[in-house]
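The next block holds one structure in the form of structure tokens; read it before the comments.
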Amino acid sequence: MNGVSTYCSTFNSDSSETVAYNNPLFPAYAVYGLLSSYPNYSSISHWHKDLEFILIKKGAMTYNVNGRLIELEEDSGIIVNSRQLHYGFSMEHNECEFICILLSPELLHINDWFYQNCIEPITENASCPYLYLRRNGWMASIMEKLDKIYDSFGKFLQNPYLILI
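Below, the structure is given as structure tokens:
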């Protein structure tokens with residue numbers, strides 16, 4: 041995917057977000073974002089069932105997860121767990137280029153046993169609201185895979201199950 045996309049989700053009165061997936065038949069979303077495209081360089085505080093992955097490509101931003109502020113800079117990122125209140129911003133109105141990927145936990149619903157015993161214990165764990173990512177050690181491979189998902193997302197829209205490879 042090239043260029044910057046416009047984000048067209050709906051934000052509800054309970055602060056939940058109804059995500060406008062790239063393909064309405066496949067619960068995944070990927071965009072290259074600019075913080076300046078948000079009013080006042082701040083997204084809206086929200087939550088959703090999807091796992092959110094943010095990778096900083098240039099610049100920096102502060103990420104608020106349940107009131108905790110996390111500084112993200114180039115070559116770092118964050119995974120925000122399901123149903124956590126979050127948003128990114130820059131108080132100084134500095135530009136930040138980032139990749140945002142949302143993946144529904146439903147993509148991992150291989151069968152009920154696996155989902156209930158392996159996925160829900162993570163996505164329903166309020167004591168693990170986020171994971172800070174750096175491009176070193178074991179986290180580097182996660183960030184590389186997320187880069188590949190973003191770079192290939194157009195192909196995924198044509199054949200969505202490629203995202204699982």
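Numbered per our numbering, the sequence shown spans residues 41 to 205. Beta carbons are placed, not taken as given, at the ideal position from N, Cα and C, and that holds for glycine.
Within its chain, find whatever has a CB closer than 6 Å to the CB of residue i; leave out the 5 residues flanking it on each side and keep chain order.
i, result
"glycine 128", "Ser83, Met101 and Tyr103"
"cysteine 140", "Val71, Gly73 and Ile94"
Give the single residue among the options whose Cα lies nearest to the Cα of residue i.
i, options, result
"serine 181", "Asp115, Pro161 and Glu160", "Asp115"
"leucine 186", "Cys168, Asn165, Ile119 and Leu109", "Ile119"
"histidine 133", "Tyr81, Lys97 and Lys188", "Tyr81"
"tyrosine 190", "Phe138, Leu147 and Cys158", "Phe138"
"tyrosine 170", "Lys97, Pro64, Gly99 and Gly107", "Gly107"
"lysine 98", "Leu112, Asn165 and Pro64", "Leu112"
"threonine 163", "Asn176, Arg175 and His149", "His149"
"proline 79", "Tyr172, Ser192, Glu135 and Pro64", "Glu135"
On the criterion of 16 or more Cβ atoms from any shown chain inside 10 Å, does residue i qualify as buried, or is it exposed?
i, result
"asparagine 52", "exposed"
"asparagine 62", "buried"
"glutamate 57", "buried"
"glutamate 92", "buried"
"tryptophan 87", "buried"
For residue i, which residues from the same chain have a beta carbon less than 8 Å from its beta carbon, with the 5 sequence-adjacent residues on both sides left out?
i, result
"serine 85", "Ser55, Asn104, Leu125, His126 and Tyr127"
"aspartate 90", "Val59, Pro67, Tyr69, Ser122, Leu142, Leu143, Ser144 and Pro145"
"isoleucine 96", "Leu112, Glu113, Glu114, Asp115, Ser116, Gly117, Cys136, Glu137 and Phe138"
"cysteine 168", "Asn121 and Ile162"
Short of 7 Å in beta carbon distance, which residues of its chain neighbour residue i, apart from the five on each side in sequence? Order them along the chain.
i, result
"arginine 175", "Asp115 and Met183"
Problem - Uninterrupted alpha helix (DSSP H) stretches inside the region 167–197 (no shorter than 4 residues) - result: 177–191
Problem - Every unbroken beta strand (DSSP E) inside the region 49–132 [3 residues or more] - result: 68–74, 91–105, 108–113, 116–120 and 126–129
Handout entry: Contact between the region 66–74 and the region 154–161 (3+ Cβ pairs under 8 Å)
Key = no
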